[in-house]
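Note that my numbering has the sequence shown beginning at 1, numbered continuously upward. Remarks on the structure that follows.
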Amino acid sequence: MSNIDSLPHSPPPLWPQTLVGAGVLVTGLALAFGAIGISSEAGYGGVGPNFLPWLVSIALTICGGWIVWESRTGGFREMDQPSGATKAYWAGFIWVSAGLLLNAALITSIGFILSCTLCYLLAVQGLRRASGQGGVNLPRTWIIDLVTGLLIAAPVFWTFTKFLAINLPGLTATGWI
């Protein structure tokens with residue numbers, strides 16, 4: 001009598017891991033290529049506008065190279081077995097995508113706060129459905145998600161517009177909504 005768990009598992013194929021690493025590496029290099037054209041003239045605090053793009057591109061390039069190296073030398077050795085569903089939950093993907101696309105489409109007409117609140121509301125609804133949470137169609141859940149989105153988006157908007165003097169699209173000319 002043999003136990004099925006004692007049988008050796010075949011290692012996962014390495015090409016998907018290598019592909020992910022190559023994607024991260026290419027993204028880092030593309031960001032570095034784009035950062036070349038950004039002015040390095042030092043601004044407030046001695047940091048120029050190209051500092052963050054260079055920092056992110058270097059981090060992505062290092063991480064991408066590391067992932068490729070790791071995948072080509074045996075793969076992710078300590079990786080747990082995948083959890084979750086065997087198939088993608090496309091309805092959740094559509095909810096999240098709709099939130100992002102509507103945010104991009106409406107941000108200049110309804111303002112940062114309302115468009116980001118809508119994005120949050122739709123994304124959370126998609127994630128709730130994907131995780132199988134019950135009660136996603138209850139009005140209470142929608143109201144909680146709406147209020148939470150407002151409580152996140154409004155302080156972010158005010159921090160950027162009032163304290164950092166960064167222009168974000170608002171609904172009114174007052175700069176508060």
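Note that the Cβ used here is the ideal one computed from N, Cα and C, for glycine as well.
The alpha-carbon of Leu138 is positioned some 16 Å away from that of Thr148. At a Cβ-Cβ threshold of 8 Å, Pro169 and Thr108 count as neighbours. With a 10 Å radius around the Cβ and a threshold of 16 neighbouring Cβ atoms, Phe112 comes out buried. Boundaries of the alpha helix (DSSP H) harbouring Asp145: 139-158, taken from the DSSP string. Secondary structure note for Asn50: it is in no alpha helix (DSSP H), with a DSSP letter that is neither H nor E. Here Pro82 carries a coil assignment [DSSP, helix/strand/coil]. In the displayed model, Arg77 falls within coil according to three-state DSSP, outside both helix and strand. The alpha-carbon of Arg140 is positioned some 10 Å away from that of Leu146. Annotated three-state conformation of Ala22 is helix, per DSSP. With contacts defined as CB atoms closer than 8 Å, Leu25 and Val68 qualify as a contacting pair. Take the alpha-carbon of Trp66 and the one of Thr18: they are about 10 Å apart.
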